[in-house]
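In the numbering used here, the protein residues as written are 1073 to 1479. For glycine and all other residues, C-beta sits at the position ideal for the given N, C-alpha and C. Working notes, beginning with the structure itself.
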């Protein structure tokens, strides 16, 4: 790939003066308090589909070279070519399989699609919205000595740009992809920036009967579109039912035509593909598949709030459920019922989980406002409840990030 032009180094404030004491190309892992804002956000992301998971460790990845390459590509290149200038940045989950995250991060390019063995959408890095996908697919790294109950994952910040929507379509042609298709014939001729597919289960196309481990999957073909932001460790319950489901999933993975585990070449210093863990892996099995948009539009207050709590990590569901709650809470009699079902907390969690999704931010703020609307004692209590939980800060952040949809 062509070298980047010189550019000023701007590093996150939380890294400390000069970006911390790590070297210019070193991936320094900084342990975070479980009460830090970053750890609390990660707990929210995990709780969406893995409520039995316990976040036991969070390390922030501070790599000056990778961060500057990522932000420069995002802000100086991608923003000018993707539709509407929306870089579509998301936090997503990635498993490093038999290799510890530290080994993968030792590679000069971080997550490198060249080490991928392919999958549904060819040779790219596969990132999941739902953490149960890499865990259940044997992609998560199992920490030695834990009996499989303690797993390690990467949380990746990805600038996905304009995405080629694949749905659940899989073919020999999609498996041979090395880059997305053409979006604009031009001139200039522009490709899509990434691929969005699913929901899929690990190794198996589609969501299945109950959505076990199913997730929307994003595939990125450029290292510079990703920054490995956190290394997390998660402890899981390992009941007999869960173990049986994982063994079944592992057997399906060996026999199916789904994505092959993306193992690293042994000669490579590191790599960026996920996958290929042990058949003794453990995972949480979600109770149901994410509802369709049509199903969400037909829901009442309690059902919409429950769908948002259970599946809010799926941006499509977050958007639909926030929109539905906003519509329902235009009616005064629904506002307190929504608050009583935990709608405010679910809406704010969705806003936190999808900071770069303009639709979720727009409808989430809209829904939060309608739930809080009212000048009586109950209405004022709802307003205070939202304010105490950080609702004002979330609304301000949404307005700053997406002024084009502020109205």
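Is the distance from the Cβ of residue i to the Cβ of residue j below 7 angstroms?
i, j, result
"residue 1094", "residue 1100", "yes"
"residue 1420", "residue 1461", "yes"
"residue 1193", "residue 1291", "yes"
"residue 1060", "residue 1288", "The question about residue 1060 has no answer, for the chain in this structure spans 1073 to 1479."
"residue 1221", "residue 1305", "no"
"residue 1361", "residue 1473", "no"
"residue 1432", "residue 1401", "no"
"residue 1182", "residue 1150", "no"
"residue 1398", "residue 1380", "no"
"residue 1414", "residue 1439", "no"
"residue 1387", "residue 1429", "yes"
"residue 1240", "residue 1252", "no"
"residue 1416", "residue 1466", "no"
"residue 1165", "residue 1203", "yes"
"residue 1161", "residue 1231", "yes"
"residue 1234", "residue 1148", "no"
Check the DSSP bridge columns for residue i and list the partner residues they point to.
i, result
"residue 1198", "1291"
"residue 1035", "Because the chain spans 1073 through 1479 in this model, residue 1035 falls outside it and cannot be assessed."
"residue 1264", "The partner list for residue 1264 (beta bridge, DSSP) is empty, contrary to what the question assumes."
"residue 1162", "1230"
"residue 1256", "1262"
"residue 1462", "Note: residue 1462 sits in no beta bridge, so no partner."
"residue 1298", "1230"
"residue 1213", "1224"
"residue 1236", "1267"
"residue 1101", "1133"
"residue 1303", "1131, 1226"
"residue 1272", "1287"
Out of curiosity, what's the CA-to-CA distance linking residue i and residue j?
i, j, result
"residue 1353", "residue 1451", "Any reading at residue 1353 must be qualified, since the residue scores a pLDDT of 27, below 50, and its modelled position is unreliable; the value itself is stated next. So the alpha carbons of these two residues sit roughly 48 angstroms apart."
"residue 1464", "residue 1458", "8 angstroms"
"residue 1153", "residue 1262", "7 angstroms"
"residue 1140", "residue 1082", "7 angstroms"
"residue 1084", "residue 1213", "28 angstroms"
"residue 1168", "residue 1446", "49 angstroms"
"residue 1190", "residue 1211", "14 angstroms"
"residue 1469", "residue 1434", "11 angstroms"
"residue 1184", "residue 1205", "20 angstroms"
"residue 1179", "residue 1135", "11 angstroms"
"residue 1163", "residue 1426", "8 angstroms"
"residue 1229", "residue 1456", "32 angstroms"
"residue 1436", "residue 1112", "19 angstroms"
"residue 1249", "residue 1294", "13 angstroms"
"residue 1097", "residue 1133", "12 angstroms"
"residue 1296", "residue 1142", "5 angstroms"
"residue 1146", "residue 1159", "7 angstroms"
"residue 1238", "residue 1245", "12 angstroms"
"residue 1359", "residue 1372", "Model confidence at residue 1359 stands at a pLDDT of 38, short of 50, so the residue's coordinates are unreliable; what they give is reported in the following sentence. Each residue's alpha carbon lies about 20 angstroms from the other."
"residue 1384", "residue 1216", "32 angstroms"
"residue 1389", "residue 1257", "32 angstroms"
"residue 1298", "residue 1086", "19 angstroms"
"residue 1441", "residue 1260", "43 angstroms"
"residue 1395", "residue 1219", "43 angstroms"
"residue 1114", "residue 1089", "25 angstroms"
"residue 1405", "residue 1108", "37 angstroms"
"residue 1207", "residue 1125", "11 angstroms"
"residue 1481", "residue 1247", "With the chain covering 1073 to 1479 only, the question about residue 1481 has no answer from this structure."
"residue 1255", "residue 1157", "14 angstroms"
Looking at the C-beta of residue i, does it have a partner C-beta in chain D at a distance below 7 angstroms?
i, result
"residue 1166", "Looking for chain D here will not work: only one protein chain is present."
message = Could you tell me which whole alpha helix (DSSP H) segments of length 4 or greater appear in the segment 1377-1436?
response = 1387-1400, 1404-1412, 1415-1425
inquiry  = Restricting to runs no shorter than 3 residues, where is the beta strand (DSSP E) found entirely within the segment 1121-1157?
reply    = 1126-1134
message = Across the segment 1170-1189 and the segment 1114-1122, are there enough close Cβ pairs to call them in contact, namely three or more that are closer than 8 angstroms?
response = no
request  = May I ask you to verify whether the segment 1129-1148 touches the segment 1101-1115, counting CB pairs closer than 8 angstroms and requiring at least 3?
outcome  = yes
message = For the structure I just gave you, are there three or more beta carbon pairs, one from the segment 1223-1230 and one from the segment 1404-1416, closer than 8 angstroms?
response = no
message = Using a Cβ distance threshold of 8 angstroms, determine whether the segment 1192-1207 contacts the segment 1251-1271, with at least three qualifying pairs required.
response = yes
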